[in-house]
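Asks: Below is a structure I'd like to ask you about.
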Amino acid sequence: MLRSPLLVLAIFLALSAPADAAQDRRPPNVLLVFTDDQGYGDLSCHGHPTIRTPAIDALAAQGLRATQFYVASPVCSPSRAALLTGCYPKRVGMHEHVVFPPDDHGLHTDEETLADLLRAAGYRTGCFGKWHLGHRPGQLPTDQGFDVYAGVPYSNDMAQFHRKPNAKYTFRLPWMEGEEVVEWEPDQRLLTKRQTDAAIAFIEADSDAPFFAYVPYSMPHIPIYASAEFEGTSAAGIYGDVIEEIDASVGRLCAALERRGVADDTIVIFTSDNGPWLQFGDRGGVAGPLRGGKGTNWEGGQRVPFVLRWPARVAPGRLVHDVVTALDIVPTLAAVTGAPAPKRVIDGRDVAAMLFDGERQAPDAAPFLYYTSRGALAGIRRGPWKLMLESGALYHLERDVGEKRDRSEQNDELCEELRALAVGLDEAITRDARPHLKVAETLFDPAR
């Protein structure tokens, strides 16, 4: 039979096809949406009774929702540093609260960001929105692995027009493109739209290279604004207007993926940098069943929504109940995209098998440390147990998600074990911590 040239050719093609297909398979694009101060309960798929989020709900229905996803800090800058480096903020010197306009520190360029790793693998990289990891030379997104940047370098409340009664506040908010300020005090009603427009232009650019689009929206950080199209349209008031505009913007981003014909080959992630700002009443969000909000180490401060869609690997409608953290995003995406692994020590772990293949993790795997908004060690979670170091309170989060029942009196040995583990892990991070980047020179003068 093997004397037949056609049969020999057919056998050869059959044996070589899988290898050739693997070689030709394009690595997935990545679209990472990171909102600001959006609470665990601020999505309709998380139970909000009046805020409508059909686009994000659709992502969850088509992919997965992680019910125990944690960010590394209850405030902005440290959380963003952790997301992009896979490190606790203390390890990269970004743990001591947020970056303000007069500050001279930012994320060090020696750190390997997710953008650095993906660009090394041939990806186009773009950041569209709020940066908040430094705004001096060498600290901007274009210094940290991003080819393209459009947005604001710090929080939208660090503007002047809404603080005019305070004569001591002299700083302004710039809209930047690349390393240039193209507008001072941009109309905040249009921030969500402008950030989305810039990301869509990047997604639709004429290029065969895979892309990484990082879209850290400025909203719903206070002061909150919605465009004329959405203002006054939500039953949940102005906060609902803002969230529903973000949701519609996520829908626009996904529509751009469809137009490009890459929706099935794109990992889409939606999450938030920390919990809701509770003290602003109906101008802030909600944490659902969780206790506390932004700035606290209660669950409502650091457990946030997490939705992921990747049709090539994720079955529709999955729920992931194991603990996943923002620290895990870098190593996981590096693994599934073929990007190089970070050369520096990081704190995250590759959870691709858990997210994409449905594997379960051991209950006591990978303890998670809680740090305050100022970078002090606050607590630890291992398995279902959470110990708060200052109060000594112990909570079983699988049975008491609202942190209402302190179980420390019945679990003395466990409390001591968890305390020792937390202190030991923090001491190791502190010992090996790396510096942030200080820069005296300024790119622009934010003060009038």
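Numbering follows this note's numbering, in which position 217 of the sequence shown is assigned residue number 232; successive positions increment by one, without gaps.
By construction, the Cβ of each residue, glycine as well, lies at the ideal position given by its N, Cα and C atoms.
Remember, predicted model here, so these are calculated numbers, not experimental data.
Nearest by alpha-carbon distance to R134: which of F115, V113, D162 is it?
Replies: For R134, the nearest C-alpha among the options comes from D162.
Asks: Please state whether DSSP places P69 in a helix, a strand or coil.
Replies: Of the three classes helix, strand and coil, the one that applies to P69 here is helix, per DSSP.
Asks: Counting along the chain, where does the beta strand (DSSP E) carrying M403 start and finish?
Replies: That run of the beta strand (DSSP E) goes 400 to 403.
Asks: Excluding the 5 residues flanking L370 on each side, which residues of the same chain have their C-beta closer than 8 Å to its C-beta?
Replies: So the qualifying residues of the chain are L79, A81, L323, V329, V335, V339, T347.
Asks: Consult DSSP for I444 and reduce its assignment to one of helix, strand or coil.
Replies: Of the three classes helix, strand and coil, the one that applies to I444 here is helix, per DSSP.
Asks: So, N426 versus T281, is the Cβ gap smaller than 8 Å?
Replies: Cβ distance not < 8 Å, so N426 and T281 don't count as in contact.
Asks: Determine the burial state of R95: buried for a count of at least 16 other Cβ atoms within 10 Å of its Cβ, exposed for fewer.
Replies: Answer is buried; the Cβ neighbour count reaches 16.
Asks: Quick check on the DSSP output: the alpha helix (DSSP H) that includes K145 runs from which residue to which?
Replies: Here K145 belongs to no alpha helix (DSSP H); instead the beta strand (DSSP E) covers 139 to 145.
Asks: Can you give me the C-alpha to C-alpha distance between A250 and E314, rounded to a whole angstrom?
Replies: Near 27 Å, if we compare the C-alpha coordinates of E314 and A250.
Asks: In angstroms, rounded to a whole number, what distance separates the CA positions of F321 and D447?
Replies: If I take the Cα positions, the gap works out to 30 Å.
Asks: Can you grab the Cα-Cα spacing for the pair D72 / H236, in whole Å?
Replies: Their backbone Cα atoms lie some 22 Å apart in a straight line.
Asks: On a CA-only basis, which of D362, L47, P450, D51 is nearest N289? Give me that one, please.
Replies: Ranking the options by Cα distance to N289, first place goes to D51.
Asks: Excluding five sequence neighbours on each side, which residues of the same chain lie with their C-beta closer than 6 Å to the C-beta of K208?
Replies: Around K208: S242.
Asks: Can you tell me whether T248 is helix, strand or coil according to DSSP?
Replies: Here T248 sits in coil by DSSP.
Asks: Where do the ends of the beta strand (DSSP E) carrying A228 lie?
Replies: Note, A228: beta strand (DSSP E), 226 to 230.
Asks: Nearest-angstrom Cα distance between Q77 and A278?
Replies: Each residue's Cα considered, the two are about 11 Å apart.
Asks: Straight-line CA distance for Y184 to F217?
Replies: Their Cα atoms are separated by approximately 35 Å.
Asks: Report the CB separation of G141 from Q210 in whole angstroms; it is logged as a contact under 8 Å.
Replies: Contact flag wrong, Cβ pair sits at about 11 Å.
Asks: Give the secondary structure of E219 by DSSP, where H, G and I count as helix, E and B as strand, and everything else as coil.
Replies: The answer is coil: DSSP assigns E219 none of H, G, I, E or B.
Asks: Do Q159 and L452 count as a contact pair if the criterion is CB distance below 8 Å?
Replies: No, these two residues do not count as a Cβ contact at 8 Å.
Asks: Where does the unbroken beta strand (DSSP E) through F321 begin, and where does it stop?
Replies: Its beta strand (DSSP E) spans residues 321 to 324.
Asks: What did DSSP end up calling D460 once you bin it into helix, strand or coil?
Replies: D460: coil per DSSP, three-state reduction.
Asks: Using the beta-carbon count (16 or more within 10 Å), is T100 buried or exposed?
Replies: Buried, by the Cβ-count rule.
Asks: Using 8 Å as the cut-off, can you tell me whether the segment 430 to 443 makes contact with the segment 106 to 115, which would need three or more C-beta pairs spanning the two stretches below that distance?
Replies: These segments do not touch.
Asks: Would you say F49 and S222 are within 8 Å of each other, going by their C-beta atoms?
Replies: Not in contact: F49 and S222 (Cβ atoms no closer than 8 Å).
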